[in-house]
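Following: one structure in structure tokens, then a few remarks.
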Amino acid sequence: MFFICLFLHIGRGLYYGSFLYLETWNIGIILLLTTMATAFMG
């Protein structure tokens, strides 16, 4: 459920063009990768 919400949130950012704000986008990608690494490692 958490990852579904996470991917929907990313999709919304892509749809509305939030990736144009590079600093915010980079922080979001770092949080995404950290979350995925945490889920992978348990």
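All the letters of the sequence shown, read from the start, carry residue numbers 6 to 47 under our numbering.
Where a beta carbon is used, it is the ideal one built from N, C-alpha and C, also for glycine.
### Cβ-Cβ distance between residue 16 and residue 24 below 9 Å
Residue 16 sits at position 11 when you count from the first residue of the sequence shown. Residue 24 sits at position 19 when you count from the first residue of the sequence shown. No, the pair does not count as a contact, with Cβ atoms beyond the cut-off.
### Task
Tell me whether the beta-carbon of residue 40 lies closer than 9 Å to the beta-carbon of residue 11.
For this step, residue 40 is matched to residue 35 along the sequence shown. For this step, residue 11 is matched to residue 6 along the sequence shown. Yes, Cβ-Cβ distance for residue 40 and residue 11 is below 9 Å.
### Message
Is there a C-beta anywhere in chain C that falls below 9 Å from the one on residue 30?
### Response
The structure shown has no chain C; it contains just one protein chain.
### Task
Please state if the CB of residue 44 and the CB of residue 8 are separated by a distance shorter than 9 Å.
Counting from one through the sequence shown, the residue named residue 8 turns up at place 3. Counting from one through the sequence shown, the residue named residue 44 turns up at place 39. Result yes, Cβ atoms of residue 8 and residue 44 sit closer than 9 Å.
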